[in-house]
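Note that full-length UniProt numbering gives residue 11 to position 11 of the sequence shown, counting from 1, and the numbers run on in steps of one. Note that CB positions come from ideal geometry on N, CA and C, so glycine has one too.
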Amino acid sequence: MVNTSSMTSPQLDDSQKTDSNPKKNKGGRPKIKIDYEKVARYAHIHCTQEEIASLLDIGYSTLKADKQFLDVYKKALDGGKKSLRRLQFEKAEGRPAELLRDKDGNTILDDKRRPIISRPGYAPDTTMQIWLGKQQLGQRDHVELGVDRDAFAVAVVIRDSGKGKPFKEVTKRRKDV
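Here's what the structure looks like:
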């Protein structure tokens with residue numbers, strides 16, 4: 001019988017060591033891939049980070065820890081704000097209709113000799129102007145509270161003092177006083 005306890009395996013240096021399975025699982029959870037194009041689209045329409053995490057089926061804490069996500073989110077959110085502001089100002093200012101023109105710049109007419117509209121216009125929106133004024137310029141509605149002193153009544157109530165006398169209620173109009 002051979003004594004194996006005294007036998008040692010030959011030592012290999014690093015150049016002689018080979019990995020029999022180069023794609024061996026290193027353990028742990030697989031790396032999550034974040035679709036940054038979807039993140040940008042969702043942030044552009046002002047989805048919250050929690051909503052984006054839910055839409056992408058990724059944990060919120062995972063997204064918060066990803067620096068690239070935060071950069072993409074902030075940039076797209078700012079882009080969405082600029083786009084919204086531009087649309088609000090266009091709505092407040094109104095827009096003239098654009099007519100269809102030929103290559104020489106002449107207006108193209110329909111069968112009834114009316115110009116063909118390629119992009120409809122709209123009148124300025126005063127509601128949007130007021131809203132933007134309140135948001136951007138700090139404007140506010142000035143409401144004056146006034147009291148018509150001749151219109152209110154005064155009620156005087158005399159309660160029973162406990163001596164068996166009934167109470168008496170007197171109501172007088174302001175102009176009677």
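Which same chain residues end up closer than 7 Å to residue i when comparing Cβ atoms and leaving out the 5 residues on each side of it in sequence?
i    : result
I58  : I32 and I34
D102 : I108
Q139 : G133
G79  : H44
How would you label residue i, buried or exposed, when you count the other beta carbons within 10 angstroms and need 16 or more for buried?
i           : result
R39         : At residue 39 the sequence reads Val, which differs from the Arg that was named. The residue is buried, with at least 16 neighbouring Cβ atoms inside 10 Å.
residue 181 : Shown here, the chain extends from 1 to 177; a query on residue 181 therefore has no answer.
L63         : buried
L77         : buried
H142        : exposed
A43         : buried
E144        : exposed
Please report the straight-line C-alpha distance between residue i and residue j, rounded to a whole angstrom.
i    : j    : result
E93  : L99  : 19 Å
F69  : Y36  : 7 Å
G133 : G121 : 23 Å
A123 : K67  : 45 Å
A65  : D71  : 11 Å
T126 : S118 : 25 Å
K81  : G27  : 43 Å
K75  : Q88  : 20 Å
P96  : L137 : 26 Å
Quick one: residues in its chain with C-beta nearer than 8 Å to the C-beta of residue i, no 5 flanking neighbours on either side, listed in chain order?
i    : result
C47  : L55
D148 : none
Need the endpoints of the alpha helix (DSSP H) that residue i sits in, please.
i    : result
I52  : Q49 to L56
R41  : Y36 to H44
I130 : T126 to L137
L63  : Y60 to K64
Taking 6 Å as the limit between beta carbons, can you name the residues of its chain near residue i, skipping five residues before and five after?
i   : result
Y60 : E50 and A53
Between which two residues does the beta strand (DSSP E) containing residue i stretch?
i    : result
K86  : In the sequence as presented, Lys is not what sits at residue 86; that position holds Arg. R86 -> not in any beta strand (DSSP E); alpha helix (DSSP H) instead, spanning K67 to E93.
I117 : I117 to R119
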